[in-house]
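Undergrad: Let me give you the structure first, and then I'll get to my questions.
Numbering (the working numbering), first residue to last: 83 to 833.
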């Protein structure tokens, strides 16, 4: 048997003694990463890498990172790099103005620069011993674990030169750079040569993916944390971190050549099978990842017991067959057998596979495929290429990894695990499926099982069925919660549409838009800016985060403020609000009985109806607007900044604080209790307020009459009466003011 891993690049891996403590399958995962890189890049060089577990070159790093790398480097010049990268169209003048340039030894050989240090290895990589990893190259998306193949791809490409120095000062005081620094742009035409926001661009015009900002930690050659399911980004649990077309473009920019311009073109994406006494076969795949997987699977096959298929037609796997290798150029129909552990590998001709009662690993690496798993079939591990595939898994607990085409996937009758890479239509009527998506835009219908969705940076649409689901999103997804409801964990910008089921939204860093349904909504704000539109019947519990929040509430709502600014407006039901550190605008519902308390930040509080209690926080600075009912507006706890009160049309009780408040009486009957600070009480002509004013302190507090005719003060004072030891003023518009305990008002008390 001959395995051809690629057409030029060779990566030799050695393992230090720390790998003795690595989990089973560790070396197989590293080998799968090596196969994939060798299948993509054609530079005729050998890269040597030493691998450790829990350490890198003897340096322990524990939980500090999922993986780390150390590379030997060569000092060179901008002129040499420009000459070595002619396709990059770099400017004749050094954009760094005399910076020191370094290349890893591996990249130096790839672009024709002689390394100054030639001792092996070219670099060291280490994998953390603190986390749990998915080690099976055929099942890289496992809940609560990190994709080890993806981590190895990440670290090995750093040894190959995918690094930046971001202008760091070297030992002789000169700013330092690596070739990838030249492809970091903060905007069209403007390079980012230091820490800061940067995008990948090869022409300085078209801005690509967002790089990580080293100012916040991490490497400038990695993608931003918002970009997941990508080998060059940060690792995320439960997601496969795969090489993307943009990743390949990055490696091409720094001097690596490929067998094709990117994955999915088919040219040279192959695996060989040539058993002793058999025929030589070439299986061609749609993409580099599937080609690498095919080579990995073939490498473990015995010479005997393999059914070799080169022409179309129906074939059946018998007990004597351990595997079927299909290199036909036309679609082949295969019937699975009863044995466990069957292996079926097909190329771009396409495959129609009907599973038997035994378990199988099926790789349909190209073409448009039809995979059927009927009741009575064994569990299947299915991977398809980038064609438009139809997969019907009607029984068993299957693992399905669909490629970048437009796939139709029906999975029911078991706890299926599905990885979607294309713009797929997926239906899971029952069972407890786990579905993982990347940068694609699948449409997913869930059913009556406890489903879990792990979204990437794409635009998925997920419709929950009758059972609660857990949806984790890192993209711009549209999530319909329906009757089942469930939990949404968001980190980007999702739209969540509630139904009759209870829904919990953990906003994280996302900028979410939530339409609450008739079921209960529990929203926990994060760092992003979110908007919540409530329903007429559902109740909501909202916790603010660091970001801004707008909520339009119709049902009964409870809100606990966070650090961000918030607007909570109720148009139905009642609200209970406790403000946070951020500023807020809070409006009570027309049903009354609202309980609104400002936090540390400045707040505007608007009453809704009868029975409201509206309160300022300890700092103060609150603006109160009473509503139509009988309400209590209080600043009794306020001590630092004065508050402003605007009376309403009901029978209000207004209690002032100690920092000096201002009150404009409304049109209703109000009892106002002055505070210990210097307060101002204003009465507007035409309001005809009926006010009982307690705690007025002449010489400290003042009254203002707004819009009244000249002479109103003198007229009111001259006609004042004493009622039970309290002075009563009646203004020309019918405004009545009773100054409790005061009998000697003068014009000096009026502003």
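C-beta atoms are modelled at their ideal positions from N, C-alpha and C, and glycine is treated no differently.
1. According to DSSP, which residues form a beta bridge with residue 452?
2. Cα separation between residue 402 and residue 392?
3. May I ask which residues mark the beginning and end of the alpha helix (DSSP H) holding residue 160?
4. Could you check the C-alpha separation between residue 215 and residue 229 for me, to the nearest Å?
5. Check for me: the alpha helix (DSSP H) holding residue 577 runs from which residue to which?
6. Can you find the residues in the same chain that come closer than 8 Å, C-beta to C-beta, to residue 184, ignoring five residues on each side of it along the sequence?
7. Compare the beta carbon distance of residue 868 and residue 723 with 8 Å and say whether it is the shorter of the two.
8. Within the same chain, show all residues whose beta-carbon is closer than 7 Å to that of residue 114, passing over the 5 residues directly before and after it, in chain order.
9. With 16 as the cutoff for other CB atoms within 10 Å, does residue 318 come out buried or exposed?
10. Since I believe residue 203 is in contact with residue 130 (beta carbons under 8 Å), could you give me their beta-carbon distance rounded to a whole number of angstroms?
11. Rounding to the nearest angstrom, what Cα-Cα distance links residue 765 and residue 738 in this structure?
12. If we count the other Cβ atoms within 10 Å of its Cβ and call it buried at 16 or more, is residue 572 buried or exposed?
13. State the start and end residues of the unbroken beta strand (DSSP E) segment that holds residue 266.
14. Could you name the residues of the same chain whose beta carbon sits closer than 6 Å to that of residue 415, not counting the 5 residues immediately before and after it, in chain order?
15. Can you grab the Cα-Cα spacing for the pair residue 255 / residue 179, in whole Å?
16. Just curious, the beta strand (DSSP E) that residue 391 is in, first and last residue?
17. Return yes when the C-beta of residue 739 is under 7 Å from any heavy atom of the ligand MN, and no when it is not.
18. Quick one: residues in its chain with C-beta nearer than 7 Å to the C-beta of residue 335, no 5 flanking neighbours on either side, listed in chain order?
19. Taking the alpha carbon of residue 760 as the reference point, which residue from 781, 751, 769, 776 has its own alpha carbon closest?
20. With burial defined as no fewer than 16 other Cβ atoms inside 10 Å of the residue's Cβ, what is the status of residue 245: buried or exposed?
21. Within the same chain, show all residues whose beta-carbon is closer than 8 Å to that of residue 49, passing over the 5 residues directly before and after it, in chain order.
22. Give me the DSSP bridge partner(s) of residue 155.
23. From residue 502 to residue 484, what does the alpha carbon distance come to, in whole angstroms?
24. Checking the sheet assignment: what are the DSSP bridge partners for residue 205?
25. My output table needs one value for residue 700: the three-state DSSP class, helix, strand or coil.
26. Is DSSP giving residue 676 helix, strand or coil here?
27. Out of curiosity, what's the CA-to-CA distance linking residue 635 and residue 691?
28. Looking only at its own chain, which residues have a Cβ that is under 6 Å from the Cβ of residue 638, when we skip the five neighbours before and after it?
29. From residue 564 to residue 109, what does the alpha carbon distance come to, in whole angstroms?
30. For residue 191, would you say it is in contact with chain C, using Cβ-to-Cβ distances shorter than 8 Å as the test?
31. Between the C-alpha atoms of residue 88 and residue 412, what's the straight-line distance to the nearest angstrom?
32. Can you give the Cα-Cα distance for residue 399 and residue 417, rounded to whole angstroms?
33. Buried or exposed: which applies to residue 150, given that a residue is buried once 16 or more other Cβ atoms fall within 10 Å of its Cβ?
34. In the DSSP assignment, find the beta strand (DSSP E) that holds residue 372 and state where it starts and stops.
35. Taking the alpha-carbon of residue 783 as reference, which of 768, 671, 135, 745 has the nearest alpha-carbon?
36. Output needed for residue 289: all residues of its chain with C-beta closer than 7 Å, excluding positions within five of it in sequence on either side, in chain order.
TA: Quick answer:
1. Against the chain shown, residue 452 aligns to sequence position 370. Residue 452 pairs with 434, 472.
2. Here the question's residue 402 lines up with position 320 in the chain shown. Here the question's residue 392 lines up with position 310 in the chain shown. Cα to Cα, the separation comes out at about 19 Å.
3. The residue labelled residue 160 in the question sits at position 78 within the chain shown. Residue 160 -> alpha helix (DSSP H) spans 160–166.
4. The count along the chain shown starts at 1 and reaches residue 215 at position 133. The count along the chain shown starts at 1 and reaches residue 229 at position 147. Distance between the alpha carbons of residue 215 and residue 229: 6 Å.
5. As a working note, residue 577 is residue 495 in the chain shown. Unbroken run through residue 577 is the beta strand (DSSP E), 577–580; no alpha helix (DSSP H).
6. Along the chain shown, read from residue 1 onward, the residue named residue 184 stands at position 102. Cβ within range, chain order: 155, 156, 157, 158, 247, 258, 259, 260.
7. Outside the displayed span of the chain (83 to 833) sits residue 868, for which this structure offers no information.
8. For the purposes of this step, residue 114 is taken as the residue at position 32 of the chain shown. Only 219, 231, 374, 378 meet the Cβ criterion.
9. Taking the chain shown and counting its residues from 1, one reaches residue 318 at position 236. When all chains shown are included, residue 318 counts as buried.
10. In the chain shown, counting from the first residue as 1, residue 130 sits at position 48. In the chain shown, counting from the first residue as 1, residue 203 sits at position 121. Indeed, because the Cβ distance is near 4 Å, the residues count as touching under 8 Å.
11. The sequence position of residue 765 within the chain shown is 683, counting from 1. The sequence position of residue 738 within the chain shown is 656, counting from 1. Each residue's Cα considered, the two are about 16 Å apart.
12. For the purposes of this step, residue 572 is taken as residue 490 along the chain shown, with counting starting at 1. Residue 572 should be labelled buried.
13. Your numbering for residue 266 matches position 184 in the chain shown. Residue 266 -> beta strand (DSSP E) spans 266–269.
14. Locating residue 415 in the chain shown gives position 333, where the first residue counts as 1. Only 396, 434 meet the Cβ criterion.
15. Position 173 of the chain shown, counted from the start, is the residue given in the question as residue 255. Position 97 of the chain shown, counted from the start, is the residue given in the question as residue 179. Their Cα atoms are separated by approximately 14 Å.
16. Here residue 391 refers to the residue found at position 309 of the chain shown. Segment 388–391, the beta strand (DSSP E) holding residue 391.
17. Looking for the ligand MN in the displayed structure turns up nothing, as the structure carries no ligands at all.
18. The count along the chain shown starts at 1 and reaches residue 335 at position 253. Here the set comprises 170, 265, 284.
19. Numbered from 1 along the chain shown, position 678 holds the residue referred to as residue 760. The option with the nearest alpha carbon to residue 760 is 781.
20. Position 163 of the chain shown, counted from the first residue, corresponds to residue 245. Flag for residue 245 reads buried.
21. Here the chain comprises residues numbered 83 to 833, so residue 49 is not present and cannot be evaluated.
22. The sequence position of residue 155 within the chain shown is 73, counting from 1. DSSP, once it has assigned bridges, lists 186 as partnering residue 155.
23. Taking the chain shown and counting its residues from 1, one reaches residue 502 at position 420. Taking the chain shown and counting its residues from 1, one reaches residue 484 at position 402. When rounded, the distance between both Cα atoms is 5 Å.
24. Sequence index remark: in the chain shown, residue 205 carries index 123 (1-based). Looking at the DSSP assignment, residue 205 forms a beta bridge with 131, 153.
25. Here the question's residue 700 lines up with position 618 in the chain shown. Residue state, collapsed to three classes: coil.
26. By one-based count along the chain shown, residue 676 stands at place 594. It is coil, neither helix nor strand.
27. Residue mapping note: residue 635 aligns to position 553 of the chain shown, counting from 1. Residue mapping note: residue 691 aligns to position 609 of the chain shown, counting from 1. Each residue's Cα considered, the two are about 15 Å apart.
28. The residue labelled residue 638 in the question sits at position 556 within the chain shown. Cβ within range, chain order: 621, 655, 656.
29. Taking the first residue of the chain shown as 1, we reach residue 564 at position 482. Taking the first residue of the chain shown as 1, we reach residue 109 at position 27. Spanning the two alpha carbons is a distance of roughly 44 Å.
30. Here there is only one protein chain, and chain C is not present.
31. Counted from its first residue, the chain shown places residue 88 at position 6. Counted from its first residue, the chain shown places residue 412 at position 330. Its pLDDT being 43, under 50, residue 88 is placed unreliably by the model, and the measurement read from it follows with that caveat. Roughly 25 Å separates the two Cα atoms.
32. By 1-based counting over the chain shown, the position of residue 399 is 317. By 1-based counting over the chain shown, the position of residue 417 is 335. Computed Cα separation, rounded: 6 Å.
33. Residue 150 sits at position 68 when you count from the first residue of the chain shown. Buried.
34. Taking the chain shown and counting its residues from 1, the one referred to as residue 372 is at position 290. Residue 372 -> not in any beta strand (DSSP E); alpha helix (DSSP H) instead, spanning 370–381.
35. Counting from one through the chain shown, the residue named residue 783 turns up at place 701. Among 768, 671, 135, 745, the Cα nearest to that of residue 783 is on 745.
36. What you label residue 289 is simply residue 207 of the chain shown in a count that begins at 1. The residues are 267, 270, 281, 283.
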